[in-house]
Ligand SMILES: Cc1cc2nc3c(=O)[nH]c(=O)nc-3n(C[C@H](O)[C@H](O)[C@H](O)COP(=O)(O)O)c2cc1C
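Residue numbers (this note's numbering): 154 to 325.
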């Protein structure tokens with residue numbers, strides 16, 4: 154069970170060399186966390202292992218973003234995103250995340266693997282208003298329709314820009 158943490162307005166900024174690494178099982182439970190993850194998110198190893206990866210989820214992140222994540226990795230593809238995460242104290246930290254399926258020698262997906270780095274401030278500035286709009290659309294739609302309207306909003310935006318999700322994100 155996830156403890157209720159109150160978000161603060163304090164930002165934790167990654168160093169250029171910081172690389173956060175984690176692995177999960179097929180259900181998103183953490184099976185490995187590197188030291189940088191423990192330091193930035195401010196959890197001891199035993200506070201992360203076997204926990205759902207949403208332990209660092211920030212309430213400012215729209216649910217639609219995670220729907221795209223799970224759809225993409227579920228289709229055995231890699232996923233890229235700018236993500237606002239939350240530390241154990243409620244502080245926030247932005248990352249540029251890459252999540253990939255972890256496959257065994259027969260190509261069976263056995264879990265997932267994620268590497269996260271310090272994002273470009275200009276990329277965060279570009280994605281933040283989009284996440285805000287998605288979150289607002291989710292609030293207005295209510296829980297049952299939240300993900301659907303939020304993904305539709307993002308898809309519509311990308312279409313009007315004549316681009317795809319990957320091209321847009323990797324071009325920020
Ligand atoms: C390998 C991997 C890494 C993940 N990293 C994050 C992360 O850094 N932050 C986050 O909020 N969710 C991350 N997730 C997604 C969470 O599992 C979860 O779907 C998300 O936090 C939404 O929470 P919810 O399922 O409670 O709505 C990751 C998932 C996987 C498989």
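Each residue gets a CB set at the ideal place from its N, CA and C atoms; glycine is no exception.
Pair within 8 Å by beta-carbon distance, residue i and residue j
i, j, result
"residue 284", "residue 214", "yes"
"residue 307", "residue 287", "yes"
"residue 238", "residue 209", "yes"
"residue 260", "residue 177", "no"
"residue 246", "residue 311", "no"
"residue 266", "residue 250", "no"
"residue 291", "residue 299", "yes"
"residue 173", "residue 158", "no"
"residue 222", "residue 304", "no"
"residue 248", "residue 216", "no"
"residue 272", "residue 235", "yes"
"residue 202", "residue 276", "no"
"residue 296", "residue 212", "no"
"residue 229", "residue 262", "yes"
Best match in the options for proximity to residue i [C-alpha to C-alpha]
i, options, result
"residue 183", "319, 193, 205", "205"
"residue 197", "218, 240, 294, 289", "240"
"residue 253", "262, 231, 244", "231"
"residue 181", "219, 318, 289, 320", "219"
"residue 170", "189, 318, 257", "189"
"residue 256", "281, 282, 227", "227"
"residue 281", "200, 322, 317", "322"
"residue 326", "309, 179, 316, 258", "No information on residue 326 is available, as it lies outside the stretch 154 to 325 that the chain covers here."
"residue 162", "244, 319, 289", "244"
Expected contact under 8 Å - CB spacing of residue i and residue j to nearest Å
i, j, result
"residue 195", "residue 164", "Contact doesn't hold; Cβ gap of about 13 Å is too wide."
Lining residues of ligand 1 - beta-carbon closer than 7 Å to any non-hydrogen atom, in sequence order: Residues lining ligand 1 by the Cβ criterion, that is a Cβ closer than 7 Å to any of its heavy atoms, are 175, 176, 177, 181, 205, 206, 207, 209, 210, 211, 214, 216, 219, 222, 223, 226, 236, 238, 248, 250, 252, 265, 266, 267, 269 in chain order.
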